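Let me begin by presenting the structure, written as structure tokens, before commenting on it.
2 protein chains.
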Amino acid sequence: MRRSTAGTPEDDPRARASRPVALTPMLTAALEAFYENGYHGATVRDIASRVGVTVPALYYHHENKEALLYALLDTSISRLDTVCHLVDIGGGSPVQRFNDLVECLVRHMAVSGKLAYLDGELRSLTPEHRRGYIAKRSAIEARLLRAVEEGVAEGSFDLAYPRDTVRAMLGTIQAVATWYRPDGELSLDDLVKRYLSILSRMAGLRSA
Amino acid sequence: MRRSTAGTPEDDPRARASRPVALTPMLTAALEAFYENGYHGATVRDIASRVGVTVPALYYHHENKEALLYALLDTSISRLDTVCHLVDIGGGSPVQRFNDLVECLVRHMAVSGKLAYLDGELRSLTPEHRRGYIAKRSAIEARLLRAVEEGVAEGSFDLAYPRDTVRAMLGTIQAVATWYRPDGELSLDDLVKRYLSILSRMAGLRSA
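So the sequences go chain by chain: B and Y.
Under this note's numbering, the first residue of the first sequence is numbered 2, with each subsequent residue one higher.
Under this note's numbering, the first residue of the second sequence is numbered 2, with each subsequent residue one higher.
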């Protein structure tokens with residue numbers, strides 16, 4: 002067993018990332034409606050009806066449909082941001098942090114399912130909300146890039162285009178959400194093992 | 002300059018893949034409507050109005066909204082399938098075919114823009130249409146996997162999980178469509194150069 006990067010199992014960012022993102026009943030209903038009918042096709046009336054509240058009650062918590070979309074995206078990216086922050090403050094070596102960040106990202110995507118599909122609706126956010134979401138996503142990308150660049154500096158990694166490679170890594174990790182099924186043949190642990198192997202190679206891990 | 006894998010410049014699959022996919026006016030209008038309002042939010046009436054025809058005239062060519070979505074997805078994946086077929090019949094070495102397939106896939110995604118966004122609407126297709134689309138996509142994946150496996154067999158490539166790696170490669174190439182802007186700072190040729198470097202590493206190219 003690899004050591005946890007934090008003190009207790011509850012703080013282990015990899016364990017946290019393996020759990021589905023916790024959503025309120027209203028957000029769960031909104032996610033179902035967006036997934037079934039598309040963001041544009043879904044109505045606030047249908048979402049309120051699914052959760053068994055009146056439309057005004059729903060508006061009390063969420064200003065409008067766009068606010069529901071943003072709340073879903075923000076809940077998901079904020080959880081991932083927290084998890085990646087926990088890895089970083091764990092203070093491991095660049096290679097250890099790289100492995101833990103990749104593992105958390107893969108686990109998060111593997112259990113995100115329908116939430117991940119919402120990424121295609123980013124352009125439906127208000128400019129302010131879109132900026133907020135992209136800032137958190139960029140912060141996560143920056144953590145992975147920092148681990149890669151520090152790994153290059155200490156001679157553990159060797160690659161030609163760190164910035165492009167990290168973007169390519171995130172693209173392939175994000176794609177996991179579109180095909181991985183937690184109840185399918187490939188276990189989450191095996192998925193992680195394979196992606197650690199594939200992404201270590203992308204980073205040019207000296208021993209890979 | 003690398004040699005063309007086919008006889009004339011017009012047959013060069015890489016040149017073909019660099020051109021935007023050709024769409025009829027009706028399909029162009031449908032793509033715009035789906036992109037702006039989402040597949041579920043778009044109406045056949047709006048699509049007909051955009052292209053300046055009556056709704057019955059549109060139904061003469063496309064049975065319903067789902068048929069428009071399928072026609073768009075099929076036009077795009079069929080072009081890519083043709084391009085990849087041209088690479089394969091070019092009969093280069095496994096590494097040459099791998100490079101050319103990657104180049105064609107990257108170029109296709111880079112110029113696909115809004116078409117690529119439709120991939121998120123696959124679940125809106127009828128089961129039969131979805132099967133047809135996935136069969137063509139799987140055929141492309143199989144071509145890339147064959148080049149990788151033949152490269153491994155001859156000792157040019159070295160990697161632990163060929164099948165997972167090829168899927169990871171396609172995920173990262175598909176992501177190109179979400180961020181690459183043909184009028185941005187990075188030229189298409191430089192994009193291809195970087196992705197060939199990144200993906201050759203994923204394949205464990207011996208000289209990489």
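Each residue gets a CB set at the ideal place from its N, CA and C atoms; glycine is no exception.
All values reported here derive from a predicted model rather than from experimental measurement.
- Looking only at B/V103, B/A178, B/S208, the smallest Cα-Cα distance to Y/G121 is reached by B/A178.
- Secondary structure within the segment 15-75 of chain Y: the alpha helix (DSSP H) runs of 4 or more consecutive residues, fully enclosed, are 26-42, 45-52, 56-62 (chain order).
- With the criterion set as a beta carbon lying under 8 Å from some beta carbon of chain Y, the segment 57-86 of chain B has no members that meet it.
- One finds H41 in chain B with Cβ atoms closer than 7 Å to the Cβ of Y/N38, taken in chain order.
- Membership of B/R144 in the alpha helix (DSSP H) is indicated by the continuous run 128-154.
- Inter-residue distance for Y/D190 and Y/T55 is about 42 Å (C-alpha atoms, whole angstroms).
- In this structure, Y/V88 lies near Y/L102, with their beta-carbon atoms less than 7 Å apart.
- Put simply, the CB of B/A176 is near chain Y, with a gap under 7 Å to one of its CB atoms.
- Look at B/L189 here: in three-state DSSP terms it is helix.
- At a C-beta separation below 8 Å, B/S198 has these neighbours in chain Y: A161, Y162.
- Under the three-state reduction of DSSP, Y/G172 is assigned to helix.
- Interface flag for Y/T166 against chain B is set, since a Cβ pair is found closer than 7 Å.
- Take the alpha-carbon of Y/L28 and the one of Y/H63: they are about 10 Å apart.
- Following the DSSP letters along the chain, one finds B/F158 in no alpha helix (DSSP H), marked with neither H nor E.
- Judged by their CB atoms, B/Y71 and B/L32 are not nearer to each other than the 7 Å cut-off.
- Interface flag for Y/T127 against chain B is unset, since no Cβ pair is found closer than 7 Å.
- The contact set of B/M110 on chain Y, defined by CB atoms closer than 9 Å, is empty, because the minimum CB distance reaches about 10 Å.
- Ranked by Cα distance from Y/A161, the first of B/A23, B/S198, B/K115, B/Y181 is B/S198.
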